[in-house]
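Below: the structure, in structure tokens.
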Amino acid sequence: MTLGIGWVILIAILALVAGAALGFFIARKYMMDYLKKNPPINEQMLRTLMMQMGQKPSQKKINQMMRAMNNQNPGK
17 MTLGIGWVIL
27 IAILALVAGA
37 ALGFFIARKY
47 MMDYLKKNPP
57 INEQMLRTLM
67 MQMGQKPSQK
77 KINQMMRAMN
87 NQNPGK
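Sequence positions in the sequence shown follow this note's numbering and run 17 to 92.
Below, the structure is given as structure tokens:
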């Protein structure tokens, strides 16, 4: 009887570890695909955006906007 409970606990622990590992790899794959489809903005993208809006971007203005965006997203 005690041997049966031990097996149940062992299988439950193994299933928990396997589920955590599988969840990690699925979440990692999802985030990599998401970042590939929606890359974070960089200086070149910002420069192109400003030119499309009819502004002539200077390096000082680009740096100022990048700093402002980075301050808005402190997690980066």
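Note that beta-carbon positions come from the ideal geometry of N, C-alpha and C, so glycine has one too.
Asked	Found
If you draw a straight line from the C-alpha of Q80 to the C-alpha of Y50, how long is it?	27 Å
Would you say the beta carbon of M67 is closer than 6 Å to some non-hydrogen atom of the ligand NAD?	Ligands are entirely absent from the displayed structure, and the ligand NAD is therefore not among its contents.
If you draw a straight line from the alpha carbon of R63 to that of M48, how long is it in whole angstroms?	25 Å
State the DSSP-derived secondary structure class of I27, mapped to helix, strand or coil.	helix
Pick out whichever of K45, Q60, E59 has its Cα sitting closest to the Cα of K53.	K45
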